[in-house]
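K.L.:
Chains as they are written, first to last, in our numbering: chain S, 1 to 148; chain H, 1001 to 1408.
Where a beta carbon is used, it is the ideal one built from N, C-alpha and C, also for glycine.
#1: Quick check on the DSSP output: the beta strand (DSSP E) that includes residue 1266 of chain H runs from which residue to which?
#2: Looking at the structure shown, is residue 1034 of chain H part of a helix, part of a strand, or coil, going by DSSP?
#3: Using a cut-off of 7 Å between C-beta atoms, extract the partners of residue 1376 of chain H located in chain S.
#4: For residue 52 of chain S, tell me which candidate among S:100, S:144 and S:82 has the shortest Cα-Cα distance.
#5: Using a threshold of 7 Å, is the CB atom of residue 1275 of chain H nearer than that to any non-hydrogen atom of the ligand GTP?
#6: So which residues of chain S does residue 1019 of chain H contact, with C-beta pairs closer than 7 Å?
#7: Residue 4 of chain S touches chain H at which residues, Cβ-Cβ below 8 Å?
#8: Can you check DSSP and say which residues form a bridge with residue 1331 of chain H?
#9: Taking a cut of 9 Å between CB atoms, which residues from the region 9-21 of chain S lie near chain H?
#10: List the residues of chain S that residue 1280 of chain H touches, going by C-beta distances under 9 Å, in chain order.
#11: Exposed or buried, which one is residue 1399 of chain H when buried takes at least 16 other CB atoms within 10 Å?
#12: What residues from chain H crowd round residue 122 of chain S, counting only those whose CB sits closer than 7 Å?
#13: Give me the Cα-Cα distance between residue 1376 of chain H and residue 1065 of chain H, rounded to the nearest whole angstrom.
#14: Using a C-beta cutoff of 8 Å, does residue 61 of chain S count as contacting chain H?
#15: Quick one: what's got a C-beta closer than 6 Å to residue 1283 of chain H's C-beta in the same chain, skipping five residues either side?
#16: Name the chain H residues whose beta carbon is nearer than 7 Å to that of residue 129 of chain S?
#17: Taking only three categories from DSSP, how would you classify residue 9 of chain S?
#18: Between residue 1149 of chain H and the rest of its own chain, which residues show a CB-CB distance below 6 Å, the 5 nearest in sequence each way excluded?
#19: Could you say if the region 1131-1144 of chain H and the region 1068-1081 of chain H meet the contact criterion of at least three C-beta pairs nearer than 8 Å?
#20: Kindly give me the distance between the Cβ atoms of residue 1164 of chain H and residue 1201 of chain H, rounded to whole angstroms, as I take these residues to be in contact under 8 Å.
#21: Pick helix, strand or coil for residue 1077 of chain H, following the three-state DSSP scheme.
#22: May I have the straight-line CA-CA distance separating residue 1075 of chain H from residue 1215 of chain H, to the nearest angstrom?
#23: Would you call the CB atoms of residue 1081 of chain H and residue 1063 of chain H closer than 8 Å?
#24: Out of curiosity, what's the CA-to-CA distance linking residue 1156 of chain H and residue 1118 of chain H?
#25: Exposed or buried, residue 4 of chain S, counting other C-beta atoms within 10 Å across all chains shown (16 or more means buried)?
#26: Please check if any C-beta of chain H sits within less than 8 Å of the C-beta of residue 71 of chain S.
#27: Mind checking if residue 1129 of chain H is an interface residue toward chain A, Cβ cutoff 8 Å exclusive?
#28: Please return the same chain residues whose Cβ sits closer than 8 Å to the Cβ of residue 1354 of chain H, not counting the five positions on each side in sequence.
#29: To the nearest angstrom, how far is the alpha carbon of residue 1331 of chain H from that of residue 1347 of chain H?
#30: Put residue 80 of chain S into one of helix, strand or coil per three-state DSSP.
#31: Give the residues of chain H in contact with residue 64 of chain S, contact being defined as C-beta atoms less than 7 Å apart.
#32: Decide yes or no for the touch test of the region 1288-1304 of chain H against the region 1266-1274 of chain H: beta carbon pairs closer than 8 Å, at least 3 of them.
#33: Under a Cβ-count criterion, where at least 16 other Cβ atoms within 10 Å of its own Cβ denotes burial, should residue 145 of chain S be classed as buried or exposed?
#34: Using alpha carbons as the reference points, say which of H:1370, H:1193, H:1087 and H:1240 lies closest to residue 1231 of chain H.
#35: Using a Cβ-Cβ distance cut-off of 8 Å, determine whether residue 1362 of chain H contacts chain S.
#36: Look up residue 1164 of chain H in the DSSP assignment and say whether it is helix, strand or coil.
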């Protein structure tokens, strides 16, 4: 497994230029996540109207994998229904080998429908880094089940 | 010191990852173990295993003698006045906790001050925070200078008449800085405070004479000095040990037990409740024999050479920042650094692909990370088995990291 597959250009681009970075003035949902052992942090604000994510903001610090994952996530979920966000989260966790894949996903290319997020597939070969990629998604699940 | 002979004593150094020989640069976290230590542990379990201080039979007598012989080796290694001043603990953390709960709990009161420094490992911060809750004592901190040393110019302000404990690192696990032992011990004594040295990084790397240092307590662990995990030592001056209470009760530490009260065994056994880590103590003794055979002055000289070389080579890497003193005379072999905007965890992953192992993170020193204003650093740390060639491999891997991250 080459490092070039892990540190793909898209990962480095999101790391250095995080999308939707900051806080929302009036979030409907909010959660803070951290990996205490490595110190990665992420905070997520969500604005949700009629079951659709209409705005999202993330702020964090940590390694390129955790921060790029957060940026790609924030970029992706705006405009999606909460149900679709939950499906996406499940697919990303399947991509990271954290959860069983669902039958609708091509096992050869589990990230095919995920766009930029597919770049996270390289993390699977680096088991100690999977938790970095997963942190934003687990925090997103917490945000969805919490209020602002 | 014959480096190739030393290296041949460490079987793990023959390991390869994807064809790359292991370059072990994380000895500040834990050191590798020579065959002499592995053999001593195995010999105990194969040929001498029995509980200590209990059996009336000869096998138990052997085990007890081997365990107590290890205590004597530790005492000689640090020039303690008596083996009875050496308490076996689970490690440095356990030693400081024992001190906090065995001495601090009984001698501190509201308004008293515990002085620490901002470069401490969590093991020398959190136990004291816990003890302030029980006693009402307060914490105060000596800062560090821009040169990454404990700031002795602030001693007169911080170590005042209220101070009852001055506890500080003998050698920083992050910066490498050697603590100003003489100054802080004298300042503590001048106000009637006890002085405590977190020597987790000091005793493994420099000849240590606890009587010459003059402190009241010195804590360290075996696994950072070629020995097994799960064993360490808390040395205390005898007059302090007799005024310390046991932090743990149970078997072995008693003189007599009644239904409602008990009396304690003598120092040091009153501090060693339960069956101790016997094999680990014997392995600890073997590690001390190994280091003694090389000679701690030779160990220190070798580490200074490798550290000086590492500091020089790291300084040549563009966009690399070193956190710690640049003079090998005032520091040990733990070298922290960051490289451009590459997060230390990414750096550690990249280096690991060349089997170069460094630690990345806060190094259990979060207050220090805040002082340095970084979330984390990468740290390479050197010991008796490391060589300049390994520093070269580290540097090569750092250049690969720059390429991967497109650092111009």
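P.N.:
Based on what the coordinates show:
#1: It is not in any beta strand (DSSP E) - residue 1266 of chain H carries neither H nor E in the DSSP assignment.
#2: Residue state, collapsed to three classes: coil.
#3: Under the 7 Å cutoff, chain S gives 39.
#4: Checked all of S:100, S:144 and S:82; the closest Cα to residue 52 of chain S is S:82.
#5: Of the ligands one can find in the structure shown there are none, so the ligand GTP has no counterpart to examine.
#6: Contact note: residue 1019 of chain H does not reach chain S at a C-beta cutoff of 7 Å; the least C-beta distance is about 14 Å.
#7: Residues of chain H passing the Cβ test: 1404.
#8: Paired residues: H:1177.
#9: For the region 9-21 of chain S, the set of positions with a beta-carbon nearer than 9 Å to some beta-carbon of chain H reads 9, 12, 15 and 16 in chain order.
#10: In chain order: nothing, as chain S lies at least about 25 Å away.
#11: If you draw a 10 Å sphere on the C-beta of residue 1399 of chain H, you find fewer than 16 other C-beta atoms in it, and that means exposed.
#12: Here the premise fails: no neighbours, minimum Cβ distance about 11 Å.
#13: Cα to Cα, the separation comes out at about 45 Å.
#14: Closer than 8 Å: yes.
#15: Cβ contact annotation for residue 1283 of chain H (same chain, cutoff 6 Å, sequence separation greater than five): 1037, 1040, 1041, 1227 and 1228, in chain order.
#16: Close to residue 129 of chain S, with beta-carbon spacing below 7 Å, are these residues of chain H in chain order: 1349.
#17: The answer is helix: DSSP assigns residue 9 of chain S an H, G or I state.
#18: Only 1177 meet the Cβ criterion.
#19: At 8 Å Cβ cutoff, the stretches do not touch.
#20: The pair is not a contact, with the Cβ atoms about 25 Å apart (cut-off 8 Å).
#21: In this structure, residue 1077 of chain H counts as helix in the three-state DSSP scheme.
#22: Whole-angstrom Cα-Cα distance: 15 Å.
#23: Cβ atoms of residue 1081 of chain H and residue 1063 of chain H: not closer than 8 Å.
#24: One C-alpha to the other measures close to 16 Å.
#25: So residue 4 of chain S ends up on the exposed side.
#26: At a cut-off of 8 Å between beta carbons, residue 71 of chain S makes no contact with chain H.
#27: The structure shown contains no chain A; its protein chains are S and H.
#28: Exclusion of the five residues before and after residue 1354 of chain H leaves 1020, 1023, 1393, 1396, 1397 and 1400 as the residues of its chain whose Cβ lies within less than 8 Å of its Cβ.
#29: Note on geometry: alpha-carbon atoms of residue 1331 of chain H and residue 1347 of chain H lie some 24 Å from one another.
#30: In the three-state DSSP reduction, residue 80 of chain S falls in the coil class, being neither helix nor strand.
#31: Neighbours of residue 64 of chain S in chain H, taken as residues whose beta carbon is under 7 Å from its own, are 1343 and 1346 in chain order.
#32: Counting C-beta pairs closer than 8 Å gives fewer than three between the region 1288-1304 of chain H and the region 1266-1274 of chain H, which falls short of the contact rule.
#33: Burial call: exposed.
#34: For residue 1231 of chain H, the closest C-alpha among the options H:1370, H:1193, H:1087 and H:1240 is that of H:1087.
#35: Yes, its Cβ sits closer than 8 Å to a Cβ of chain S.
#36: The answer is strand: DSSP assigns residue 1164 of chain H an E or B state.
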